[in-house]
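Working notes for the structure below.
Protein chains: 2
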Amino acid sequence: VFRGGKVTAAEPGERHDRGIACEPRLELTALPGLPVIRPGDDLAELIAAGLRRTGMDLRHGDILVVASKAVSRAEGRFVDLATIEPSDRARELGREIDRDARMVELVLREASQISRKAREVLIVRHRLGFISANAGIDCSNAAPPHAPAGMGPWALLLPEDPDASADRIRRTLQNLSNAEIGVLVSDSFGRPFRLGTVGVAIGVSAVPSLWDRRGERDLFGRALEHTITALADQVAAAADLVAGQAAEGRPVVHVRGLAFTPGEYSAKDLCRPPEQDLYA
Amino acid sequence: VFRGGKVTAAEPGERHDRGIACEPRLELTALPGLPVIRPGDDLAELIAAGLRRTGMDLRHGDILVVASKAVSRAEGRFVDLATIEPSDRARELGREIDRDARMVELVLREASQISRKAREVLIVRHRLGFISANAGIDCSNAAPPHAPAGMGPWALLLPEDPDASADRIRRTLQNLSNAEIGVLVSDSFGRPFRLGTVGVAIGVSAVPSLWDRRGERDLFGRALEHTITALADQVAAAADLVAGQAAEGRPVVHVRGLAFTPGEYSAKDLCRPPEQDLYA
């Protein structure tokens, strides 16, 4: 149940971490000098090289936040819309919302449910579980490098499995550094009730998605009730402040100061289950 | 119109800042040693003393994020529920959602519209413009200091005018430091589609609430479309990571590294107008 400032007790099967201690200081640094990511690039190697250039090491508890667009580009998630044959339903929806039927077709293929329709936008539940506009498909900067003339327009899908992408990057960097770190794959989402986009985690490796404070004591000795913080989303939002957008070309942010116990988490932990949803 | 990862063009009259430049590094520090805030406390003076104790100065572009609970306590926003006479409507709603009718009465007095009802929770549009559960009224830690026995239970309302609260704190600190700074009043909100709470800005002084990137060029020379970042909300979310909750008693976080041009902004800039709302 959505509780505004508070969140109700966890459902059975939800995983929460109780081993987090916030340091009183958090430092976020965007890695400079990363190249424009190309299909087949090894992001972990590029990140390791970027860290070496800045003289930064990786320490236990560090988190790297990687923009989903960089992951998608490395994984070659480009789609030439000219190759997409829209279904009758996509054509009809495209007319209804005034949007290219091939783009609508791509959104429908990535979605499990339509939540709302508006001009040029479909708000859908993505097959990965979250609710977002146009299934997170990016139509800006979406051309692959050296795309032949006469192809496109291009779209860029989200990574196939962002948790797995985060996990691969984390394992490689951990092997290189011997530090137990966390990795998040982030995206910018709009919000139903508030203006402006915020960073959220769509892929999680080793970082607790949710931080369960229930059972801790407040200043007055009473147990804190109902307090579960969207830890991974807040880290992604903080990273978005330094990552900027494409103009700066800073798709990777290094976060230091959050002491967490690494574990098995998923960005799906952050998605409100449909049966608890009062709005979609 | 809600666009997921993107937000559509601003409406006339919306204020946006184009003078923000993100440094590649952001540092967030929770001020240690602040006392439990009491009605009548001068928060700006307490913050200045906290900064002096840590040897930190205030520099141009620094932001202080102050938890709404601390502001509410300083402003004496305590309510003894025993003094509240619930209306018939509050009694009926209280029975319906299984909640103390006096608490429901308080929520209704703070709200302009009910969005959803669920067990023990009313999701409402607050008179300040945002949508939140139970109008942001806090029932934990809500007793004032030295409350006489036999009174209560107590609730703590949000500040009467959080923009004005942020502005007062900013002006005092600016006079003490000669640095042009920003101040945010933050709260933790739940979200309709995602689990866990995140920090949001409910009071804004001098910091651009929204960061309008439209018209900037992306890496490939095309104009970035539709990109408006919820700057103040992301700063509040980042600060929430170091502020912790009541147990740590860290209601104030100092943020350095965001270069912004101070201006006249309001937390209302972050509230989606009802006519653009596809959900409430």
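Residue numbers (this note's numbering), protein chains in the order written: chain D, 450 to 729; chain U, 450 to 729.
Just so it is clear, CB atoms sit at the ideal spot from N, CA and C, and this is done for glycine as well.
Just so we're clear, the structure is a prediction, and the values are computed from it rather than from any experiment.
Among the options, nearest to residue i - alpha-carbon criterion
{"i": "U/V514", "options": "U/D547, U/A479 and U/A523", "result": "U/A479"}
{"i": "U/A567", "options": "U/L542, U/A591 and U/V528", "result": "U/L542"}
{"i": "U/C588", "options": "U/R576, U/R551, U/F579 and U/I618", "result": "U/R551"}
{"i": "D/T532", "options": "D/P723, D/G601 and D/A560", "result": "D/G601"}
{"i": "U/A610", "options": "U/K717, U/P722, U/F709 and U/D529", "result": "Checking the sequence shown, residue 610 of chain U turns out to be Asp, not Ala. The residue with the shortest Cα to Cα distance from U/D610 is U/K717."}
{"i": "D/G645", "options": "U/Q623, U/D682 and U/D689", "result": "U/D682"}
{"i": "D/S658", "options": "D/L719, D/G482 and D/A596", "result": "D/L719"}
{"i": "D/E494", "options": "D/P711, D/S626, D/Q725 and D/L707", "result": "D/S626"}
{"i": "D/T710", "options": "D/G499, D/I512, D/L475 and D/P488", "result": "D/I512"}
{"i": "U/E481", "options": "U/P473, U/R474, U/I496 and U/P488", "result": "It should be pointed out that residue 481 of chain U corresponds to Pro in this sequence rather than to Glu. When each option's Cα is compared against that of U/P481, the closest is U/I496."}
{"i": "U/H595", "options": "U/G525, U/L477 and U/L707", "result": "U/G525"}
{"i": "D/G712", "options": "D/R662, D/R619 and D/V684", "result": "D/R619"}
{"i": "D/A749", "options": "D/V691, D/V684, D/L483 and D/W660", "result": "Examination of residue 749 of chain D is not possible in this model, given that chain D is present from 450 through 729 alone."}
{"i": "D/G399", "options": "U/I677, U/A498, U/G693 and U/G639", "result": "With chain D covering 450 to 729 only, the question about residue 399 of chain D has no answer from this structure."}
{"i": "D/V691", "options": "U/V632, U/G693, U/G599 and U/W660", "result": "U/W660"}
{"i": "D/D726", "options": "D/A498, D/I580 and D/L477", "result": "D/I580"}
For residue i: DSSP bridge partner residues
{"i": "U/G648", "result": "U/S637"}
{"i": "D/D661", "result": "D/I677"}
{"i": "D/E609", "result": "DSSP output for D/E609 lists no bridge partner at all."}
{"i": "D/G631", "result": "D/I512"}
{"i": "D/G712", "result": "D/A655"}
{"i": "D/R588", "result": "Inspection of the sequence shows that residue 588 of chain D is occupied by Cys rather than by Arg. Answer is none; D/C588 lacks a bridge partner."}
{"i": "D/F527", "result": "D/L605"}
{"i": "U/T621", "result": "Paired residues: none, contrary to the question."}
{"i": "U/I563", "result": "U/V573"}
{"i": "D/R705", "result": "D/E476"}
{"i": "D/R721", "result": "Looking at the DSSP assignment, D/R721 forms no beta bridge with any residue, so it has no partner."}
{"i": "D/D580", "result": "The question names Asp, yet the displayed sequence has Ile at residue 580 of chain D. D/I580 pairs with D/R574."}
{"i": "D/R643", "result": "U/C720"}
Cβ shell of residue i (< 7 Å), same chain only, five flanking positions each side left out
{"i": "D/V570", "result": "I546, A582 and N583"}
{"i": "D/S521", "result": "L605, L606, L607 and P608"}
{"i": "U/L507", "result": "L500, L622, S626, A628 and I630"}
{"i": "U/E724", "result": "none"}
{"i": "D/Q562", "result": "V573 and R574"}
Proximal residues to residue i (C-beta, below 6 Å), its chain only, five neighbours per side dropped
{"i": "U/I572", "result": "S564, R565 and A582"}
{"i": "U/P593", "result": "F527"}
{"i": "U/P722", "result": "none"}
{"i": "D/A591", "result": "W603, A604 and L605"}
{"i": "U/A523", "result": "I486, D490 and L492"}
{"i": "D/P488", "result": "G525"}
{"i": "D/C471", "result": "With a pLDDT of 49 at D/C471, under the threshold of 50, the modelled position of this residue cannot be trusted; read the value that follows with caution. Correct list: empty, nothing qualifies."}
{"i": "U/V553", "result": "A539, L542 and G543"}
{"i": "U/R643", "result": "none"}
{"i": "D/P641", "result": "none"}
{"i": "U/R548", "result": "E569"}
{"i": "U/G453", "result": "Per-residue confidence for U/G453 stands at a pLDDT of 29, beneath the threshold of 50, marking its modelled position as unreliable; the derived number appears in the next sentence. Answer for U/G453: no residue qualifies."}
{"i": "D/G578", "result": "K717 and C720"}
Expected contact under 8 Å - CB spacing of residue i and residue j to nearest Å
{"i": "U/Q656", "j": "U/Y728", "result": "Sequence check: residue 656 of chain U is Val here, not Gln. Their Cβ separation, rounded to whole angstroms, is 27 Å, which puts U/V656 and U/Y728 out of contact at 8 Å."}
{"i": "U/A679", "j": "D/V647", "result": "5 Å"}
{"i": "U/D612", "j": "U/S654", "result": "7 Å"}
{"i": "U/R540", "j": "U/A560", "result": "Actually they are not in contact, since the Cβ atoms of U/R540 and U/A560 sit about 16 Å apart, beyond 8 Å."}
{"i": "U/L707", "j": "U/L475", "result": "7 Å"}
{"i": "U/P473", "j": "D/R699", "result": "7 Å"}
Cβ shell of residue i (< 8 Å), same chain only, five flanking positions each side left out
{"i": "U/H509", "result": "A628, E629 and I630"}
{"i": "D/L555", "result": "V528, L530, I533, A584, I586, A604 and L606"}
{"i": "U/S517", "result": "G585, L607, P608, P611, V634, S635, D636, I651 and G652"}
{"i": "D/A686", "result": "V647, G648 and V649"}
{"i": "D/S536", "result": "E554 and L557"}
{"i": "U/G599", "result": "none"}
{"i": "D/V684", "result": "I512, V514, L633, A650, V656, V704 and L707"}
{"i": "U/G693", "result": "A479 and R699"}
{"i": "U/P597", "result": "none"}
Residue i: contacting residues in chain C (beta-carbon distance under 8 Å)
{"i": "U/P700", "result": "Of the chains in the structure shown, none is chain C; the protein chains are D and U."}
**OP:** Would you check if the segment 701-708 of chain U and the segment 483-503 of chain U touch, i.e. whether three or more CB-CB distances between them fall below 8 Å?
**Re:** yes
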